[in-house]
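Protein sequence lines correspond, in order, to chains A and B. When we follow my numbering, the leftmost residue of the first sequence carries the number 1, and every step to the right adds one. When we follow my numbering, the leftmost residue of the second sequence carries the number 184, and every step to the right adds one. Contents: one structure, followed by commentary.
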Amino acid sequence: KDVEPGPGEHALQYTYCFWFSRKPTGRNQQSTSFEKNMKIIGTFRSVEQFWQIYSHMIRANELTGHSDVHVFKGGIKPLWEDKANRLGGKWIVRLRKGLVARCWENLILAMLGEQFMVGDEVCGAVVSIRFQEDIISIWNRSANENQVTSRIRDTLCRVLNLPPNTIMEYKTHNESLKDRSSF
Amino acid sequence: GTRIIYDRSFLLKCRSSPMAN
């Protein structure tokens with residue numbers, strides 16, 4: 001869906017979509033593919049449109065079960081197989097319970113505000129709620145561009161203001177495809 | 184080309200008073 005910034009609103013560099021997915025439980029588990037299980041919550045092109053959607057969403061720390069919220073640029077699906085992601089990868093940050101809401105907000109604000117300074121490389125960001133820990137990740141197009149991935153890591157460290165012992169790892173989507181696991 | 188850059192505090196200000204910026 002095409003959206004434009006409203007009159008007097010602050011345009012963003014890109015259009016973005018919010019997606020939501022939750023791992024199906026019980027008998028639905030096998031019949032529902034990951035893609036079918038993902039729903040677009042909203043599309044935005046301005047700072048104001050972003051807040052309108054975000055303010056109505058459940059905060060990341062209040063999400064339950066095995067759920068993920070994705071914010072991706074318009075035209076890019078949050079799937080490894082998407083053309084924009086095929087050669088890409090992601091930085092993964094594992095967070096102990098209690099930190100996710102603040103870190104997730106800081107991550108998306110940095111992305112929307114173009115703080116990463118890596119051109120068109122960033123594809124989107126994901127927050128993944130799990131039982132023991134929460135995980136945030138940021139996806140980029142080219143897993144083999146070391147300069148790009150280092151810059152993303154450095155910006156992540158700065159904007160998230162993470163505790164010093166936080167574990168960060170980079171995983172290519174190709175590896176994820178091979179082991180069929182996100183993390 | 185030119186990129187539209189916003190810092191965190193500006194984005195947060197837009198949340199609290201969208202038309203005041």
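Yeah, the Cβ is synthetic: ideal placement off N, Cα and C, and Gly gets one too.
So R141(A) and C123(A) are in contact, right, with Cβ under 8 Å, and what is the actual spacing, rounded?
Taking the first sequence and counting its residues from 1, one reaches residue 141(A) at position 141. Taking the first sequence and counting its residues from 1, one reaches residue 123(A) at position 123. Right, their Cβ atoms sit about 6 Å apart.
Q49(A) at chain B interface by Cβ criterion, 8 Å:
The residue given as residue 49(A) occupies position 49 in the first sequence. Not one chain B Cβ lies under 8 Å of Q49(A).
Report the rounded CA-to-CA distance for L12(A) versus P164(A), giving the unit in angstroms.
Your numbering for residue 12(A) matches position 12 in the first sequence. Your numbering for residue 164(A) matches position 164 in the first sequence. Near 32 Å, if we compare the C-alpha coordinates of P164(A) and L12(A).
I187(B), buried or exposed, once every other Cβ within 10 Å from all chains shown has been counted against 16:
In the second sequence, residue 187(B) corresponds to position 4, counting from 1. Label assigned to I187(B): exposed.
Run of the beta strand (DSSP E) containing S21(A), from where it starts to where it stops
Position 21 of the first sequence, counted from the first residue, corresponds to residue 21(A). In the DSSP assignment, S21(A) falls within the beta strand (DSSP E) that extends over A11 to R22.
How many angstroms separate the CA atom of Y170(A) from the CA atom of E105(A)?
Your numbering for residue 170(A) matches position 170 in the first sequence. Your numbering for residue 105(A) matches position 105 in the first sequence. Taking the CA atoms as reference points, Y170(A) sits about 21 Å from E105(A).
Candidates K36(A), P5(A) and E114(A): which alpha carbon is nearest P24(A)'s?
Here the question's residue 24(A) lines up with position 24 in the first sequence. Of K36(A), P5(A) and E114(A), the residue nearest in Cα terms is K36(A).
Check whether the Cβ of G113(A) lies closer than 8 Å to any Cβ atom in chain B.
Taking the first residue of the first sequence as 1, we reach residue 113(A) at position 113. With 8 Å as the cut-off, G113(A) counts as an interface residue toward chain B.
Whose C-alpha, out of Q52(A), H66(A) and D179(A), is nearest the C-alpha of V38(A)?
The count along the first sequence starts at 1 and reaches residue 38(A) at position 38. Inspection of the sequence shows that residue 38(A) is occupied by Met rather than by Val. Nearest C-alpha to M38(A): H66(A).
For a test of the three-state rule: what should DSSP assign to S33(A), helix, strand or coil?
In the first sequence, residue 33(A) corresponds to position 33, counting from 1. Coil, per DSSP.
According to DSSP, what are the bridge partners of F193(B)?
Numbered from 1 along the second sequence, position 10 holds the residue referred to as residue 193(B). F193(B) is not bridged to any residue.
For G113(A) and W19(A), I'd like the C-alpha separation in whole angstroms.
The count along the first sequence starts at 1 and reaches residue 113(A) at position 113. The count along the first sequence starts at 1 and reaches residue 19(A) at position 19. W19(A) has its alpha-carbon roughly 19 Å from the corresponding atom of G113(A).
If you drop the 5 nearest sequence neighbours on each side, which residues of the same chain put their C-beta closer than 8 Å to that of V93(A)?
Mapped onto the first sequence, residue 93(A) falls at position 93. Within the same chain, V93(A) has close Cβ partners C103, I135, I136, S137, L156, L160, L162, T166, I167 and M168.
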